[in-house]
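The sequence shown stops at residue 412 when you use numbering that gives the first Met the number 0, and every number in between is there.
A virtual CB, placed ideally from N, CA and C, is assigned to each residue, including glycine.
Report on one structure; see the data block that follows.
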Amino acid sequence: MRSLIHRMVHAVVVALACCSCTHADWPQFLGELRNGTSRETGLLDSFPDDGPEVAWRVPGGVGMSAVTVVKDFAITTFNEAGKQVLVAFDTESGDRVWQTALANEYMNGQGDGPRASATVAGHVVYAFTGDGILCAADLETGRLVWRTDTLSACDASESEYGMSSSPLVYQELVIVHVGGRGTAVAAFNATNGQLKWSAANGPAGYSSPTMMNVAGKQQIVSVTGTEALGIDPSDGTLLWTYAFPTPYACNTANPVSINGDVFISAGENHGCVLIDVEQVDGKFEAKEHWTSVNSKSVMRNEWQTSVLVDGYLYGFDNVGAAGPTTHLTCIQATTGKPVWRKTRFGKGNLVLADGKLWITTMEGELVLVNVTPDRYEELGRATLFAKTRQSLSIANGRGYIRDNQEVICIKLR
Numbered sequence: 000m001r002s003l004i005h006r007m008v009h010a011v012v013v014a015l016a017c018c019s020c021t022h023a024d025w026p027q028f029l030g031e032l033r034n035g036t037s038r039e040t041g042l043l044d045s046f047p048d049d050g051p052e053v054a055w056r057v058p059g060g061v062g063m064s065a066v067t068v069v070k071d072f073a074i075t076t077f078n079e080a081g082k083q084v085l086v087a088f089d090t091e092s093g094d095r096v097w098q099t100a101l102a103n104e105y106m107n108g109q110g111d112g113p114r115a116s117a118t119v120a121g122h123v124v125y126a127f128t129g130d131g132i133l134c135a136a137d138l139e140t141g142r143l144v145w146r147t148d149t150l151s152a153c154d155a156s157e158s159e160y161g162m163s164s165s166p167l168v169y170q171e172l173v174i175v176h177v178g179g180r181g182t183a184v185a186a187f188n189a190t191n192g193q194l195k196w197s198a199a200n201g202p203a204g205y206s207s208p209t210m211m212n213v214a215g216k217q218q219i220v221s222v223t224g225t226e227a228l229g230i231d232p233s234d235g236t237l238l239w240t241y242a243f244p245t246p247y248a249c250n251t252a253n254p255v256s257i258n259g260d261v262f263i264s265a266g267e268n269h270g271c272v273l274i275d276v277e278q279v280d281g282k283f284e285a286k287e288h289w290t291s292v293n294s295k296s297v298m299r300n301e302w303q304t305s306v307l308v309d310g311y312l313y314g315f316d317n318v319g320a321a322g323p324t325t326h327l328t329c330i331q332a333t334t335g336k337p338v339w340r341k342t343r344f345g346k347g348n349l350v351l352a353d354g355k356l357w358i359t360t361m362e363g364e365l366v367l368v369n370v371t372p373d374r375y376e377e378l379g380r381a382t383l384f385a386k387t388r389q390s391l392s393i394a395n396g397r398g399y400i401r402d403n404q405e406v407i408c409i410k411l412r
C-alpha cells in the first residue's frame, strides 16, 4: 500500500510540474502524422555547456531504422548475432524488455542492417526487414504474430539498396513499397499478413507511404523509384501519377502535404516539385504548381524529409550526385522562393518540436535551431552519439536516437 501511495503521489507531482507541457508518443516513422513534427512543448530552448543530459545509452547494432516510442517502449531494429532483430527498450531505464528475431542479418554494400522503422498500431508492432519480410509482433511481449515474405507474395525483386519502406497502418491494412509490375505499392491484412491489393508499376524506391487529404479525398501518397502517386486505400485504385524518375531510383524523402498539394524532393541533383492535384468530374489530375530541378534547385533532399512550418519548408539541400556539400535551407512552400540558407551546414536529419528544429548530424551532433524565416538562428550544439543518418524521435520530454553502436535517450526538458 505504501508503495502504491508513493507512486500515486509521484505521478501527481510530475503531472503538476509539467502541466504546461504537451506530451506525445512517436508511434511510427516521422512521428504521429508521418510529417516529422511532434506536439511536444516545454522543451529546452538552449543547451547547457556540456549539452543536454543523456538519460541512458545502451548497446545496439548496425541498421538504419529510427526509434519508435509508444507507452514505455522504445523500439528499433538492427543486425545482431546473425539476425535482424526487433528490440524493445524500457524508456525509463534503457533495459531490454524483449527482442524478436525477424530474419537472417541483412548485408548491403550501401550499409548493413534493416532500413525501415517500426510502426505501432494498438497492441501490435509492424516491422519490415531489409530483404522484404513484413512482420507483426505483440507490443507487450514481442511474440511474433505473423510473418510475410512480400517479395514472394508480389513476385518482386529486392531493391538494390535494400527494402526501406516503413509500414503505414490504415484501418485493417499495412502498406509498404515492394516494387514490380503492378506491385510498386502493396497492402497486407493487418491481422494475418495476407496480400489484399497492390498497385502501380516500377521500382519501390526508398521512401515510405503516407496518408494525406489530397483534392478532398483521403488517400495514400507514395513516392516510388520513378513517380509520385495517389492510391485509394479501400481497394488500391490508382488515382493519379506524376513522373519523378531519379538516378538509381533513389527517391528517399517522404512527400509533404502543403494545403492539399504534394511536395516531393530528391537528391542526386534532381530537385523538387510542388504537385497540384485536382479532382475534375470524379477524375484526378496532377500538374506542377511550381518546380525547381537540376543543379540550380532550391531543395534537393537526399534522404531527409523537409518539415513544413507556417508556410515555410525547412530542409537539407544536397549539392551534386550525393556529394559532401549540404546546405540547411528555408524556402516558401507555395512558391519555392528561397528565404535563407546556412551554407555547408553538413549532412544530417531533422524534426520539428516546440518551435525548434532538432537536427542530428553525420558528425554525431544534436543541433538546436530556432524556427524562423528571418534567419538561421542556432540555439545549441552538442556531440552526443556516433555517425548516424537517423532523425531524432521525440516523445514525452525525451529524444531517442540510434547509431550503429548504441541506442541513446536524451532529456529534452
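query, result
"Residues bridged to Thr67 (per DSSP)", "Ile74"
"Element boundaries [alpha helix (DSSP H), containing Ser151]", "Thr149 to Cys153"
"Nearest residue (CA-CA) to Tyr247, options Asn212, Gly204 and Ile274", "Gly204"
"6 angstroms CB neighbourhood of Leu273 in its chain, flanking five on each side removed", "Asp260, Phe262, His288 and Trp289"
"Opening and closing residue of the beta strand (DSSP E) in which Ala242 lies", "Leu237 to Ala242"
"Coarse secondary structure for Ser392, derived from DSSP in three states", "strand"
"Classification of Gly141 by the beta-carbon crowding that lies within 10 angstroms, buried from 16 upward", "buried"
"Rounded C-alpha distance that separates Lys355 from Glu31", "17 angstroms"
"Close beta carbons around Ser392, own chain, < 6 angstroms, minus the five adjacent residues each side", "Trp25, Ala65, Val66, Val68 and Tyr399"
"Buried/exposed call for Pro269, threshold 16 Cβ in 10 Å", "First, the residue type needs correcting, since residue 269 is His and not Pro in the sequence shown. His269 comes out buried."
"For Lys355, three-class secondary structure by DSSP", "strand"
"Close-in-space but distant-in-sequence residues of the same chain around Ser291 (CB under 8 angstroms, 5 per side omitted)", "Gly270, Cys271, Val272, Val297, Met298 and Gly335"
"Asp402, buried or exposed, once every other Cβ within 10 Å from all chains shown has been counted against 16", "buried"
"Residues sharing a beta bridge with Met211, DSSP", "Gln218"
"Residue interval of the beta strand (DSSP E) (run including Ala320)", "Counting along the chain, Ala320 falls outside any beta strand (DSSP E), and DSSP gives it neither H nor E."
"Helix, strand or coil at Asn403 [DSSP, three-state]", "coil"
"For Val123 and Ala135, believed in contact at Cβ under 8 angstroms, the rounded distance", "5 angstroms"
"Spatially closest choice to Thr40 from His326, Ser207, His22 and Gly81, by CA coordinates", "His22"
"Three-state class that DSSP yields for Val12 in the structure shown", "Confidence is the limiting factor: at Val12 the pLDDT is only 37, short of 50, which leaves the residue's position unreliable and the question unanswerable from this model."
"Straight-line Cα distance separating Pro337 from Ala199", "34 angstroms"
"Through-space distance from Val406 to Phe77, alpha-carbon basis", "11 angstroms"
"For Pro337, three-class secondary structure by DSSP", "strand"
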